[in-house]
Ligand code: XIL
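Residue numbers (my numbering): 349 to 809.
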């Protein structure tokens, strides 16, 4: 399916009364929508970071447009982990990490390095080896020094140590804790600081969003590191949350870390629900996203929020939590979900949330807003229509419109289109008639034009 260069904004819709019912609407340039002000601009106005985890190989087309356009910070989802950068001892692969850093620089974005010291996603040569304490210590020092030096001056922050605690606040038994003792954390921070004094150094963990035993252990650790003069700049709250379970003490917890004199970042936000998604769950999710952003906005030292993947098509949740998903602000086809509007609202934007219980068709001339490419040349243009449903579903669809300026369809893909006079009718292909609640389908076409090329009003029947 052609999904590149989808125009995000501009949707308006009417209620579906059933699978065959009419929802309608239109497009280009007439309807206010949250997407009209990118999240990164809203966040910047509040002095906050809005980040996303990314996969380097996907940074083109619509994925690249959204990653570059909506976010002012990127975190490599996997590319900087030890197992990714040094799969064989002494042989390094920086390709994906370098690519993400270059993309971020080209889009005027920060990069959050993730992660240097962890019990997971380490290379097998490391985890399968037998090491003395001295060997283990120098392996870790070399790793940190090599990686941090490579990106020296280019990263805003590093998640230096990831997930050091158990749920009860004791230290997790890991290669590092077991081999080096609890002070591996202070050493790692010290080595990282020596390699790049300008990067903000964080300890990052999950289930530390609210006030609880684990976050209190982290609090006590940060306090003692600060007292010892160990370079610690911030605390990362991963925030892999479950629908309806944003801790009520989130803001209070952020504030208590801030009061220790460190920054706080929400580093890996996603809010998972049991599948299938429906309009009630998506509305709850929107409220949950808003609660997290509100808490960060309320505390000056909360640096910002990074989502762990911005689209449901690039989320780790379905792989790791069977039966759960739909955890990010955009659906699998890059249509913004209610959570997207909630984030915009929390960041001070005005937004028109997608209606519930509706399917809508959105017409646009394909454009790549960030390069100025309009998808239109002197005699022709490429356009697309996205049919999206929320709280309703379709098993087949037909989209109709009437061209007002003599445009003529010459070719279509992912739909069968016919044009009689000015009237165009496009129906689903054999393989894309189904549009589930929370899902969308896009088809594309080429057409000719002359004089002017106004967007028509489209109807979904
Ligand atoms: C996850 C990635 O998103 C997946 O692609 C990978 O298979 C496993 O790791 N906490 C972290 C992240 O700090 O590094 C994890 O990322 C998610 C949980």
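We put the beta carbon where it would ideally sit given N, CA and C, even for glycine.
As the structure is a computational prediction, the values presented were derived from the model and not from experiment.
8 angstroms Cβ shell around residue i - same chain, five flanking residues per side excluded
i	result
residue 570	551, 580, 583, 605, 608, 610
residue 779	none
residue 414	356, 658, 659, 678, 682
residue 535	485, 488, 489, 528
Residues bridged to residue i (per DSSP)
i	result
residue 669	DSSP output for residue 669 lists no bridge partner at all.
residue 621	673
residue 460	505
residue 446	Residue 446 pairs with nothing; no bridge assigned.
residue 606	Answer is none; residue 606 lacks a bridge partner.
residue 585	553, 614
Cβ-based burial, residue i [other Cβ within 10 Å; buried from 16]
i	result
residue 739	buried
residue 568	exposed
residue 686	buried
residue 638	buried
residue 622	exposed
residue 600	exposed
residue 790	buried
residue 771	exposed
residue 670	exposed
residue 673	buried
residue 625	buried
residue 405	exposed
residue 545	exposed
residue 618	buried
Bounding residues of the alpha helix (DSSP H) (the contiguous stretch that carries residue i)
i	result
residue 691	686–694
residue 498	481–498
residue 568	561–576
Length of the line joining the Cα atoms of residue i and residue j
i	j	result
residue 420	residue 468	27 angstroms
residue 526	residue 481	10 angstroms
residue 412	residue 399	14 angstroms
residue 787	residue 693	23 angstroms
residue 541	residue 452	22 angstroms
residue 800	residue 743	35 angstroms
residue 403	residue 448	8 angstroms
residue 792	residue 807	16 angstroms
residue 291	residue 559	No answer is possible for residue 291: it lies beyond the span of the chain, which begins at 349 and ends at 809.
residue 642	residue 663	23 angstroms
residue 565	residue 602	14 angstroms
residue 342	residue 725	Any property of residue 342 remains undetermined from this structure, which presents the chain solely from 349 to 809.
residue 633	residue 794	37 angstroms
Contact set for residue i: own chain, Cβ-Cβ below 6 angstroms, skip 5 residues either direction
i	result
residue 798	none
residue 495	none
residue 775	746, 764
residue 651	397, 611, 613
residue 461	428, 503, 506
residue 458	421, 504
residue 431	469, 470, 471
Cut-off 7 angstroms between Cβ atoms - residues of its own chain near residue i, not counting five sequence neighbours on either side
i	result
residue 392	420
residue 555	515, 562
residue 517	561, 562, 564, 565
8 angstroms Cβ cutoff, residue i in contact with chain D
i	result
residue 407	Of the protein chains in this structure there is only one, and it is not chain D.
Boundaries (first-last residue) of the beta strand (DSSP E) holding residue i
i	result
residue 729	728–738
residue 553	548–553
residue 767	763–768
residue 590	588–590
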